[in-house]
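Please read the structure below before turning to the comments.
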Amino acid sequence: MTAGNREVVSSTFNNESNKTCIQYPTAQGGDEDQCFDRCFDKSGCDNAAVVCALTGTGGMGKTQIAVEYSYASREVRGLTAVFWVLAATEETIRTSFVNIMQRIVEAQAKASWPESNPDYRAIGICLGIPGLVDMEGKVSFDPKSIDIIVSALFSWLALVGNSQWLLIFDNADELNFPIDKYFPKSGGGAVLVTSRRQEFLHCAKQINLKGLDKENAVGLLLNLAGLPNLIGADNRKHAIAVVEKLGFMPLAISHAGCFIHEMNIPVKEYLRYYDETFKQAQSRVPKIGWVYRNDTATTTWEISFLEVQRRNGSAAILLLACSYLDSSEISETLWESEWSDMEFIAQQKRRFSILASYSLINRNPGGTFSIHPVVHDWARERVNGPDRMEAVGDAIKAIRQALRRKEVSQSNKKWDGGEERKIMAHAEVLYKYLESIFDEVLEHEQGANAEFILDTLDKIATIFWHQGRYDEAIKQYRRVLAAKERFLGMENLSTLTTAHNIGSVFGSQGKYKEALEQYQKVLASKQALVKEQFGHDSSTEQGDHPLTLETINNIAGAMYELGQLKEALQQYQRALAGKEKYLGPDHPSTLQALAGIALTLEGQGKYNEAIKYYQRVLAGHEMLLGEDHPATLTTAHNIASAFDKQFKYVEALKYYQKALAGKMRAWGEDHPSTLATMHNMALVYDNKGDYRESLQWYYKALAGREKILGKTHPDTIITIGNIASVFKHQGMYDEAFEQYNRALVATENALGPNHPWTLNAIHNIASVLHSQHKYNESFQQYQKALVGKERVMGEYDPSTLSTIHNIGSVFHSQRRYTEALQWYTRALTGRETLGHDHPATLNTVGDIAFMFAEQGKYSESIEWYTRLLAGREKTLGPEHRLTVSAAQDLAFVSRKRNKFHQFRDQITTFSKDFSRDLFR
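Given below as structure tokens:
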């Protein structure tokens, strides 16, 4: 009889022509043939029967492998008989044993009485079942006699010389009885069990199937699709994509191949059908030669699911919830919170155990589990109605709990980048499948539950933002905003918080104009809200309400980025006044406004004033939060940056090292903030000209950022660009160009061609070409950067003005002085809006002075060098090296014009040692 009929495969093996050839799926633990060899190895077993269990989720081909193994073993092991036992229930096992005994009776009759009527009474006595074989040779039984038949069968299997048999227990999924009592304890044969359950280790050697290897999977797909094995590279690529999507599962691949063949579609089209009509794409079976049960992939797992649902409904919902999470690595603690007690944890463990028992999940070491990709897709497709809403709600709850634990960990100065990535992997899958049912979920979850869901999705968007995935963050925030406006109202504080966050993402994208407009809209709405709800009118002497102060603070930040430093300072001071009034001078939020003022003063080149504000912020943070608090360490970092801009490298390194030591204690080496300080220390060493030390720190920061943020994160790309700068400063232009180009490609891919950082990367490439005297190419790249910057950032943005200045430098290097002066003048006009003594303004002044000196126009040069010297002395002090350098240049040009002595008195106000050397 065939295995498909589920009775007995006779010793004659007369069904070979009907069998479908299929390769073994991959076994957990190594090569499949070796696994079988180990399982059926009789070494040290004497005359005991060997038992092997073949386990795995439905669709892995366990039954098919059993059939194939029985045929292969006839040749290799010399099997004389294979008996098939239907092991679905205890009753089907008993019935199969009676059928097996019936075959043995018939074989005995044929062997002993080939030419005459058999004596069935004697056969019954001989086989140990007296009275159970009637005159026609039929084995009869009742509940009382079944034990006699089982015992007789075991005795027959243990007969001397009767050693080459195989007993196959197929689909032993129901384990509410001791199945091992039906395994022969002696005899020279073997027992092979197929089951979705994984509880056979106590009585058998167990092989857990994981799927076909890639080559066999592709071969199976193409054969059933009616395509030759040797096809073009494109078709092979699409076939590999299909089998990978199907997790190398034989049953799913078989359905896919038949679907492709029957629908007459290209292989590459299958995945579209799979994604859009899963059940149809997994419903086709071959017309002939099919030895699986007459099940589709969907009904195969439905059998296990319904049994799980019967035993534990919560476990069934848990599986459905997991279908909205990433299938590869799900933590068993995902649903736990800080309030979870041992009873809840134990219940969860029982649910996972039940699911693993039916091979619907695969539990891994370390407290995680995975779900086969096709089972994962099936579970999501099968759920609808109330069950779907409950499953989605459970998935959202899991993400919410995980995000809550993340926030608690961070507040306790513990940060695990790997854990965050796992959470986000789940959040992304949830986000993807929630798109099509978003409104349905919110309609189902009214009131507080809807707000809970929206708050969770808002937090997911925030993580997208912090990961530098700005487009996804904006898309998610806007979806949440629209829902909040509908469910909570347009002037609800939670709604306005989401609108505020959209502005923050614009800022991170370098879209400062859009950020400013968004913040101003939010501020107007918040002012209307507090007026309506609290009777507070911000336009009167009441001043700004506390709920508006953070938005005012962010308006200042956007203005700062747009180069509107005067206006930014006014807004920061406005925010500071309100925060001091309502929160007090030492509140963390008040200190944040102070830090903004310091940042703006630093941007104006007023470094000493900036440092005074930073020092005040630092003292407040140390007093309130402690030396190792993130805000304290960030302020120390910012003080170091201000010293670096003054070229006070010793002081800068001192504060950076202080910040780094605290961050290492608080978060460890791989925290983003720790890596930011490493990065900036490298920048100081670069500015000092200590390039070897600089590269060591940059590469350390780069390795960490690639590890925890990824190769396309904006911070990673910045580090690559700065490594290029170090090469450039050493005259290693080819290496610099390679790194700048790497940064450009990564930035374009991650942020788009019009992002400010992309445009800066183009600017940097132009600067290398300039250093290589490739002036035409350099000019083209600068022009490209300039067009983008003017469009995205505006004509007077500091970065735009830097590109304009550098175009002037290209003409200057070619001694095309007229064009150079035009570009320098344009840059100067823009930079003077930052301040007449701003460092960038003075840089342009210095280059104009030098250009006039090159032309022998000393009077004009002296005029510009005089302005440069006055500005350096005012902002940096008379002893600063840049001030001294300006004095040297002025003296040189004056000497050229025989006006050296006219400036002696002015120059001698600087270092006496320097003056002696100068006038010697």
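Each residue of the sequence shown is one higher than the one before, counting from 1 in my numbering.
C-beta: ideal position from N, C-alpha, C; glycine also.
What's the gap between the Cα of residue i and the Cα of residue j?
i	j	result
F487	I423	27 Å
H466	E693	30 Å
L454	D170	48 Å
E480	A402	The question names Glu, yet the displayed sequence has Val at residue 480. About 20 Å.
G846	L549	41 Å
H587	E580	8 Å
I253	E106	41 Å
N608	A450	51 Å
A820	I639	36 Å
C52	S359	17 Å
K789	Q615	34 Å
A556	Y572	6 Å
Q657	F850	38 Å
V374	S436	20 Å
C21	G61	Since pLDDT at C21 reaches only 33, below the 50 mark, its modelled position is unreliable, and the value read off the structure follows with that caveat. Distance between the alpha carbons of C21 and G61 is about 11 Å.
M101	M135	16 Å
R895	A750	54 Å
Y699	A785	27 Å
I93	V85	6 Å
D275	S538	53 Å
G56	F737	53 Å
M263	L222	14 Å
S337	S327	21 Å
Within 10 angstroms of its Cβ, does residue i collect 16 or more other Cβ (buried), or is it exposed?
i	result
M342	exposed
F200	buried
K526	buried
M681	buried
T540	exposed
W339	exposed
Q959	No answer is possible for residue 959: the residues shown for the chain start at 1 and end at 920.
V160	exposed
D458	buried
P756	buried
E602	buried
Q781	buried
R815	exposed
R665	exposed
G232	exposed
A256	buried
N764	buried
D734	exposed
T818	exposed
H202	exposed
R121	exposed
S809	buried
L516	buried
S725	buried
Mind checking whether residue i and residue j have CB atoms under 7 Å apart?
i	j	result
Y865	T844	no
G187	A217	no
H713	T677	no
A315	A391	no
A652	V617	no
T473	A461	The sequence as given places Ala at residue 473; Thr does not occur at that position. Contact: yes.
P184	A49	yes
I720	Q739	yes
T89	E174	yes
Per DSSP, which one or two residues make a beta bridge with residue i?
i	result
A81	W165
F369	I330 and R363
C52	L192 and K205
V139	V133
D170	L86
Output yes if chain D places a C-beta closer than 7 Å to the C-beta of residue i; else output no.
i	result
Q527	Chain labels in this structure do not include chain D; a single protein chain is all it has.
Which runs of the alpha helix (DSSP H) spanning at least 4 residues fall entirely within the region 536–564, listed in chain order? 549–561
Of all the alpha helix (DSSP H) runs that stay within the bounds of the region 468–538, which reach a length of 4 or more residues? 470–487, 493–508 and 512–534
Report the residue ranges of all alpha helix (DSSP H) runs contained in full by the region 614–642; include only those spanning at least 4 residues, in chain order. none
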